[in-house]
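Residue numbers (the numbering used here): 12 to 276. Backbone N, C-alpha and C fix where the C-beta goes; we use that ideal spot for every residue, glycine too. Quantities reported herein were computed from a predicted structural model and do not represent experimental measurements.
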Amino acid sequence: MTEDARREDSDGIITITFTRDRKLNAVTRPMLEMLVEAGQDLADDDRHRVLLITAEGRYFTSGVDISTMDPDMGKGTDGVFRGSNMRRQYRGRALHDFFDFLESVEKPVVLAAQGSCLGVGIELASSCDFRLAAEGAKFALPEISNLGVLPGSGGISRLTRIVGPAWAKWIAMACQTIDAEQALAIGLVQAVYPAAEFADRVRAFCEQLASFPREAVGLAKLAIDAAHHGDRRTARDVDRIAQTLLLTGSEYREKIDAFLARPPR
């Protein structure tokens, strides 16, 4: 457990809220560990239908908390780094794997940015199915300008896939900040809500998702991703197989029975 984030489970929704406003919600290892555990619970327990990731305070996140990293990782007693690249790659690989997991889990993952979303925040957002923003939120990838490195956990490839190469270069290469309305226009987020209504609108959206037939939602995610990443024939095959599974499943039968039982209008 960590004091820097809070978990709540209700109505089929796992909500992870970053609460480290004093440090602009800079992400620490315990915060990531809470996210990983929540993701695993989402995948393993059918009572959980949706994962919502949000925050309190001025920022959704200002990025990874660099002060929690060991600057001497891999350094020998003579001051020479040995194996440090491998260790850094391993750490980056862990985040890669988690973001890949969020993309592949057959349940919806929602990120709700009430404030500025920087660095790893965009990388996390890009691995989620739905990205919602409050008016006034801003988005940026300052890694090149601030640290001289690239977003290290798949951020470039995911962002490019979502917004296209021109806008990916604007955000990641030119390190330009965009506001919520720009993010909506280029497809980085799917909805922008007034700040005063944000929490309620996000909750209502997640409750609606949680109310939908679980298997249909999961297979829709699978089929959409197959259409986006694969060739046309494979995508059509996934469509047909998914539909066959749903037509022979209990959720479809229950929906049909309920529809037929409705009184005529």
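DSSP bridge partner residues for residue i (one or two, in chain order)
| i | result |
| --- | --- |
| A136 | Answer by DSSP bridge pairing: none, since A136 is not bridged. |
| C186 | According to DSSP, which records beta bridges pairwise, C186 is partnered with nothing at all. |
| V65 | Looking at the sequence shown, residue 65 is not Val but Thr. T65 is bridged to T28. |
| D20 | I25 |
| A123 | L143 |
| V203 | A144 |
| C128 | T72, F150 |
Proximity to residue i [Cα-Cα], best of the options
| i | options | result |
| --- | --- | --- |
| E114 | A221, R264, L233, L152 | L233 |
| F150 | Y204, K266, A272, G130 | G130 |
| S261 | P224, L271, L230 | P224 |
| L128 | T188, I155, D242 | Note that residue 128 corresponds to Cys in the displayed sequence, not to Leu. Comparing Cα positions, the closest option is T188. |
| S21 | D236, L258, A215, L271 | A215 |
| A105 | L43, T171, D52, I235 | L43 |
| R172 | A202, C217, D236, N157 | D236 |
| A282 | K266, D190, I77 | A query on residue 282 cannot be resolved here, the shown segment of the chain reaching from 12 to 276 and no further. |
| E218 | T13, D57, L62 | L62 |
| E14 | D57, A66, E265 | A66 |
| N157 | P176, A183, C139 | A183 |
Secondary structure of residue i, DSSP reduced to three states
| i | result |
| --- | --- |
| A37 | coil |
| N96 | Note on N96: pLDDT 45, under 50, position unreliable in the model; the coordinate value appears next. Three-state result, N96: helix. |
| F209 | helix |
| E146 | coil |
| T13 | coil |
| V249 | helix |
| T72 | strand |
| E114 | helix |
| R56 | It is worth fixing the name first, because residue 56 is Asp in this sequence and not Arg. The answer is coil: DSSP assigns D56 none of H, G, I, E or B. |
| R276 | coil |
| G165 | coil |
| F109 | helix |
| F216 | helix |
| G50 | helix |
| V91 | Annotation note: pLDDT 42 at V91 (below 50); position unreliable, coordinate value reported separately. If DSSP states are grouped into helix, strand and coil, V91 belongs with coil. |
| G241 | coil |
| P224 | coil |
| T255 | helix |
| V160 | coil |
Short Cβ contact (7 Å threshold) for residue i with residue j
| i | j | result |
| --- | --- | --- |
| G126 | A148 | yes |
| R60 | A221 | yes |
| G198 | V213 | no |
| A54 | V120 | no |
| E3 | S164 | Because the chain spans 12 through 276 in this model, residue 3 falls outside it and cannot be assessed. |
| I24 | R18 | no |
| F112 | G50 | yes |
| C186 | I155 | yes |
| F29 | A16 | yes |
| F71 | G132 | yes |
| L122 | I64 | yes |
| L46 | S73 | no |
| G241 | K118 | no |
| L170 | S137 | yes |
| E146 | A227 | no |
| D108 | G68 | no |
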